[in-house]
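K.L.:
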Amino acid sequence: MAQLLQHLINGLAAGTIYALVALGYTMVYGVLKLINFAHGDVMMVGVYMGYATAFAIGREARGSFLGIAAVFAVAMLGCALFGFLIERFAYRPLREKPRLTALITAIGISFALSYGFQLDIGFLPGASPRAFPEIIEPTEWLIIGDRDVVVWNWQVISFLIAVGLMVGLQYLVFGTRFGRAMRAVSWDHRVAALMGIPTDRVIALTFMLSSGLAAGAGLLYAIKDTSVSPLMGLYVGLKAFVAAVIGGIGHVPGAVVGALVLGLVEEFVVGYAASTWRDAVAFGFLILVLLVKPGGLFGRVAAEKV
Amino acid sequence: MRRLAPMLLAALAVMAAACEKKTQPTPSGEAGTQAAQGQSGSAASGTPPASSDTILLGQVGALTGGQATFGISTRNGIELALKEANAAGGVNGKKLAIRVYDNQSKPEEAAQAATRLITQDKVVLILGDVASSNSLAMAEKAQAAGVPMITPSSTNTTVTEKGDYIFRVCFIDPFQGFVMAKFAREDLKLSKVAVLQDNKSAYSIDLSGVFTRKFTEMGGKVVTTESYSQGDTDYRAQLTAIKKTQPDGIYVPGYYSEVGVIARQAREVGLKVPLMGGDGWDSEKLFELGGSAIEGSYFSNHYSPDNPDPRVQKFIADYKAAYGAVPDALAALGYDAARVAVESLKRAKDLSGPSVRDAIAQTKDFPGVAGTVTLDDKRNAVKSAVVLKVGDGKTQYVTTISP
């Protein structure tokens, strides 16, 4: 029973992080119908920005509230800018080209980042995984029994940050002018443009938002697993993508539910069966969901207009 | 959604194609020339293959990817040995040069790179790699082409079973599993041990298999065997399951990149017992990734920098002067492998595959920095292993265990 509870907590911790990354996939897909395969790698770049910041502010400042805020702020803003640049120079010129072109560009950027970051020249970090500095000093937040169940402070903090970011996003999309513009672009960007919505700006902002969220998620992931490596983005990105599809890609709450489900499924498979089965079960689950509900759990299958 | 399906398929196809295509161009010139230039400041550097006054060797190693420090250490060790050999006059008047290709820590890349060394660069001998899965892929190509290959540090038994052209200068996995089982049972006096193995690595599975058998034979009990996959970063689920079995030790025969993180998470879920492992732990990075959590753990290894032997100390001093770091075992084995190669080339009656092979096979009592190398009839080195303890951010020599 205690073990079950512990797995539940671990699974939720992993799931909330997948959710933040999955939101980026879903938002970009929403406005552009583009699966941004470079999303996970953009996250990885954000994590390295946070890593550099954590070292720049020094050991003492790291544990303080301001220190944590600085690491997150630099990484998220820096990554938003990075996302903007990618959109502006890689995707926007391809906007009117066939969709496959942009998709292949996204894959290209993904590989360029994950392998480029393995070089060891200039500011590039090199291939070896590195220990992520403990910006949140790990302490037990809650202990049940003889350490049967342990909840860590960073798990709680991660969860709160993730939920905070999601609530903020929900408000942004459904409660602001920008959000309305975003939804309009998602519905039909040509008509939105005719109505006077600056589609380019909306798309650029969507990219910045999704990249910033990814950096935040990446930092939580690095805090959780205490290491960073150039290949972390490929892996987390793929999982988050699966989560977004399970939830119904383009659907914001769907991405969150999909991610939580995926996090829990993975944790239980590893905890009670074997880690070898984890990916098989995760992807098998994806296939199962798509067989029953082709649009994902919350997605709608829209009739194609010709 | 209907639009999505073809898009997805296309994306997957492209990704698969990208993965395969990459294997051809990337591991090319860059690493090769870079290494060749670094190898010696002399005229021999960066020379094209098959010129009459140089002998070209090849190395395939993990210079990027998850095991990057392995390939880099090995390369440095080899470079140092060749530099010394060239300074001492080379092989029968000919200088030695080496071409290095990266395998990105992947077997399919390793096979490609080996083929390239054989068919394009026409090397006389191949050195590499560290990870057994990569060396196996290379051994296949080398054996088929009749080009001798020496792996410095692949400990999986099957590597040299690929054929009579494949050699190694290190001990084999069953021996490492035996060493740790013996150490755990006799020195640490453990009776209940859990095993956490990397299911993606032949090395890890092999070590854990032998450890389990030997430890049980010696009267101990392996209470559970859990697994992970290389590249994972969250092991809490497995560790939570292990914790339930209340072991007195955990055998984790994986690589440093995962072990450091495993150690942290083991302490986090409340497992305080020592971790034990094999030579895959040997990297400076282990201390960074594992922090204080890895202290008090043990692993078996090929060599210890604490060895007072003057030959070893000279090697350490030279290596430090050249690369600014204390050589790890992989650097030492790379150095030994290159020196065995050079000695064999000197003894070989010509540079053809069969002659070089026969010369290598005769290696006996060769004084390496990681132990004395004698190759047995299965082309494996017979030598003892050391057990090291992790403490204060470095390794401490504990004991030597002989076959």
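Order-wise, the sequence lines are chains A and U. The opening residue of the first sequence carries number 229 in our numbering; numbering runs sequentially from there. The opening residue of the second sequence carries number 268 in our numbering; numbering runs sequentially from there. Backbone N, C-alpha and C fix where the C-beta goes; we use that ideal spot for every residue, glycine too. Remember, it's a predicted structure, so these values are computed and weren't measured experimentally.
Along the chain, where does the alpha helix (DSSP H) that runs through residue 435 of chain U open and close?
P.N.:
For the purposes of this step, residue 435 of chain U is taken as residue 168 along the second sequence, with counting starting at 1. Counting along the chain, residue 435 of chain U falls outside any alpha helix (DSSP H), though it belongs to the beta strand (DSSP E) covering 433-435.
K.L.:
Any idea if residue 343 of chain U is buried or exposed, counting beta-carbon neighbours within 10 angstroms, 16 or more meaning buried?
P.N.:
Residue 343 of chain U sits at position 76 when you count from the first residue of the second sequence. Residue 343 of chain U should be labelled buried.
K.L.:
Between the alpha carbons of residue 360 of chain U and residue 612 of chain U, how many angstroms are there, rounded?
P.N.:
Indexing the second sequence from 1 puts residue 360 of chain U at position 93. Indexing the second sequence from 1 puts residue 612 of chain U at position 345. Those two C-alpha atoms are separated by around 12 angstroms.
K.L.:
Of all the CB atoms in chain U, is at least one closer than 7 angstroms to the CB of residue 538 of chain A?
P.N.:
No information on residue 538 of chain A is available, as it lies outside the stretch 229 to 534 that chain A covers here.
K.L.:
DSSP beta-bridge partners for residue 418 of chain U?
P.N.:
Sequence index remark: in the second sequence, residue 418 of chain U carries index 151 (1-based). Looking at the DSSP assignment, residue 418 of chain U forms a beta bridge with U:435.
K.L.:
Where does the unbroken beta strand (DSSP E) through residue 633 of chain U begin, and where does it stop?
P.N.:
Numbered from 1 along the second sequence, position 366 holds the residue referred to as residue 633 of chain U. Where residue 633 of chain U is concerned, the enclosing beta strand (DSSP E) stretches over 633-635.
K.L.:
Output, in chain order, the set of chain A residues within a Cβ distance shorter than 7 angstroms of residue 719 of chain U.
P.N.:
Absent from the model: residue 719 of chain U. The displayed extent of chain U is 268 to 670, so no value can be given.
K.L.:
Measuring straight from C-alpha to C-alpha, what distance separates residue 483 of chain A and residue 447 of chain U?
P.N.:
For the purposes of this step, residue 483 of chain A is identified with residue 255 of the first sequence, where counting begins at 1. For the purposes of this step, residue 447 of chain U is identified with residue 180 of the second sequence, where counting begins at 1. Taking the straight line from one Cα to the other gives about 46 angstroms.
K.L.:
Got a sec: which bits of the segment 493-521 of chain U sit with their beta carbon under 9 angstroms from any beta carbon on chain A, in order along the chain?
P.N.:
Taking 9 angstroms as the Cβ-Cβ cut-off against chain A, the residues of the segment 493-521 of chain U that qualify are 493, 494, 495, 496, 498, 499, 500, 501, 502, 503, 504, 505, 507, 508, 510 and 511.
K.L.:
Classify residue 346 of chain A: buried if its beta carbon has 16 or more other beta carbons within 10 angstroms, exposed otherwise.
P.N.:
Walking along the first sequence from the start, residue 346 of chain A turns up at place 118. With 16 or more other Cβ atoms within 10 Å, it is buried.
K.L.:
DSSP three-state call for residue 269 of chain A: helix, strand or coil?
P.N.:
Looking up residue 269 of chain A in the first sequence gives position 41. Residue 269 of chain A falls in the helix class under three-state DSSP.
K.L.:
Select from U:477, U:530 and U:420 the residue whose C-alpha is nearest the C-alpha of residue 435 of chain U.
P.N.:
For the purposes of this step, residue 435 of chain U is taken as residue 168 along the second sequence, with counting starting at 1. Comparing Cα-Cα distances from residue 435 of chain U to each of U:477, U:530 and U:420, the minimum goes to U:420.
K.L.:
Got a sec, what are the start and stop residues for the alpha helix (DSSP H) residue 388 of chain U sits in?
P.N.:
Against the second sequence, residue 388 of chain U aligns to sequence position 121. That residue, residue 388 of chain U, is in no alpha helix (DSSP H); it is neither H nor E in DSSP.
K.L.:
Looking only at its own chain, which residues have a Cβ that is under 6 angstroms from the Cβ of residue 469 of chain A, when we skip the five neighbours before and after it?
P.N.:
As a first step, residue 469 of chain A is located in the first sequence; it is residue number 241 there, counting from the start. Around residue 469 of chain A: 253.
K.L.:
Using 10 angstroms around the beta-carbon of residue 415 of chain A, count the other beta-carbons present and answer buried if the total reaches 16, otherwise exposed.
P.N.:
If you number the first sequence from 1, residue 415 of chain A lands on position 187. Exposed.
K.L.:
Which residues does DSSP list as the beta-bridge partners of residue 576 of chain U?
P.N.:
Here residue 576 of chain U refers to the residue found at position 309 when the second sequence is read from its first residue. DSSP lists no partner for residue 576 of chain U.
K.L.:
Should residue 335 of chain U be flagged as near chain A, meaning a C-beta pair shorter than 7 angstroms?
P.N.:
Here residue 335 of chain U corresponds to residue number 68 of the second sequence, with the count starting at 1. True, the Cβ-Cβ gap to chain A drops below 7 angstroms.
K.L.:
Would you say residue 428 of chain A lies against chain U (beta-carbon separation less than 7 angstroms)?
P.N.:
By 1-based counting over the first sequence, the position of residue 428 of chain A is 200. No, no contact with chain U.
K.L.:
Taking residue 473 of chain U as part of the beta strand (DSSP E), name the residues at either end of that continuous run.
P.N.:
Counting from one through the second sequence, the residue named residue 473 of chain U turns up at place 206. Element bounds for residue 473 of chain U: not the beta strand (DSSP E) but the alpha helix (DSSP H), 469-484.
K.L.:
Against residue 383 of chain A, what residues of chain U qualify as contacts under a CB-to-CB distance less than 8 angstroms, listed in chain order?
P.N.:
Here residue 383 of chain A refers to the residue found at position 155 when the first sequence is read from its first residue. Per Cβ cutoff of 8 angstroms: no residues; residue 383 of chain A is ~10 angstroms from chain U at best.
K.L.:
To the nearest angstrom, how far is it from the Cα of residue 413 of chain A to the Cα of residue 536 of chain U?
P.N.:
The sequence position of residue 413 of chain A within the first sequence is 185, counting from 1. The sequence position of residue 536 of chain U within the second sequence is 269, counting from 1. About 47 angstroms.
K.L.:
Distance, Cα to Cα, residue 292 of chain U vs residue 370 of chain U?
P.N.:
The residue you call residue 292 of chain U lines up with position 25 of the second sequence. The residue you call residue 370 of chain U lines up with position 103 of the second sequence. Confidence at residue 292 of chain U is low in this model, with a pLDDT of 36, below 50, so the placement of that residue should be treated as unreliable; the coordinate-derived value is given next. Going by the C-alpha atoms only, they are around 11 angstroms apart.
K.L.:
Rounded to the nearest angstrom, how far is the Cβ of residue 393 of chain U from that of residue 416 of chain U, given a contact under 8 angstroms?
P.N.:
The residue given as residue 393 of chain U occupies position 126 in the second sequence. The residue given as residue 416 of chain U occupies position 149 in the second sequence. The Cβ separation is near 4 angstroms, so the contact holds.
K.L.:
Report all residues from its chain with a CB closer than 7 angstroms to the CB of residue 385 of chain A; omit the five preceding and five following residues, and keep chain order.
P.N.:
Your numbering for residue 385 of chain A matches position 157 in the first sequence. So the qualifying residues of the chain are 364.
K.L.:
Measuring only the C-alpha atoms, how far is residue 309 of chain A from residue 301 of chain A?
P.N.:
For the purposes of this step, residue 309 of chain A is taken as the residue at position 81 of the first sequence. For the purposes of this step, residue 301 of chain A is taken as the residue at position 73 of the first sequence. Cα to Cα, the separation comes out at about 12 angstroms.
K.L.:
Of the residues that make up the segment 352-384 of chain U, which ones have a beta carbon closer than 7 angstroms to any beta carbon in chain A?
P.N.:
Within the segment 352-384 of chain U, no residue qualifies.
K.L.:
Would residue 355 of chain U and residue 363 of chain U be called neighbours here (beta carbons separated by less than 7 angstroms)?
P.N.:
Reading the second sequence from its first residue, position 88 is the one you call residue 355 of chain U. Reading the second sequence from its first residue, position 96 is the one you call residue 363 of chain U. Taking 7 angstroms as the Cβ cut-off, residue 355 of chain U and residue 363 of chain U do not qualify as a contacting pair.
K.L.:
What residue does the beta strand (DSSP E) around residue 257 of chain U start on, and which one ends it?
P.N.:
Outside the shown range of chain U, which is 268 to 670, sits residue 257 of chain U, and nothing can be said about it.
K.L.:
What is the DSSP secondary structure of residue 502 of chain U, reduced to helix, strand or coil?
P.N.:
Position 235 of the second sequence holds residue 502 of chain U. The answer is coil: DSSP assigns residue 502 of chain U none of H, G, I, E or B.
K.L.:
Use the C-beta contact count for residue 667 of chain U: other C-beta atoms within 10 angstroms, 16 or more gives buried, fewer gives exposed.
P.N.:
One-based indexing of the second sequence puts residue 667 of chain U at position 400. Answer is exposed; the Cβ neighbour count stays below 16.
K.L.:
Determine the DSSP secondary structure at residue 424 of chain A, reduced to helix, strand or coil.
P.N.:
Position 196 of the first sequence holds residue 424 of chain A. Coil at residue 424 of chain A, not helix or strand.
K.L.:
Near residue 442 of chain U, which residues of its chain fall below 7 angstroms by C-beta distance, leaving aside the five closest residues on each side in sequence?
P.N.:
Here residue 442 of chain U refers to the residue found at position 175 of the second sequence. If we look at residue 442 of chain U and ignore the five residues flanking it on each side, its Cβ neighbours are 652 and 670.
K.L.:
So within the segment 291-365 of chain A, which uninterrupted alpha helix (DSSP H) runs reach at least 4 residues, ignoring any that extend past its ends?
P.N.:
Entirely contained in the segment 291-365 of chain A, the alpha helix (DSSP H) runs reaching 4 residues are, in chain order, 293-314 and 327-344.
K.L.:
Shorter than 7 angstroms from the beta carbon of residue 375 of chain A to some beta carbon of chain U?
P.N.:
The count along the first sequence starts at 1 and reaches residue 375 of chain A at position 147. Cβ-Cβ to chain U under 7 angstroms: yes for residue 375 of chain A.
K.L.:
Could you tell me which chain A residues have their CB closer than 9 angstroms to the CB of residue 524 of chain U, listed as they occur along the chain?
P.N.:
If you number the second sequence from 1, residue 524 of chain U lands on position 257. Result: 356, 357, 455 and 457.
K.L.:
Any Cβ of chain U within less than 7 angstroms of the Cβ of residue 483 of chain A?
P.N.:
Within the first sequence, numbered from 1, the residue matching residue 483 of chain A stands at position 255. Not an interface residue.
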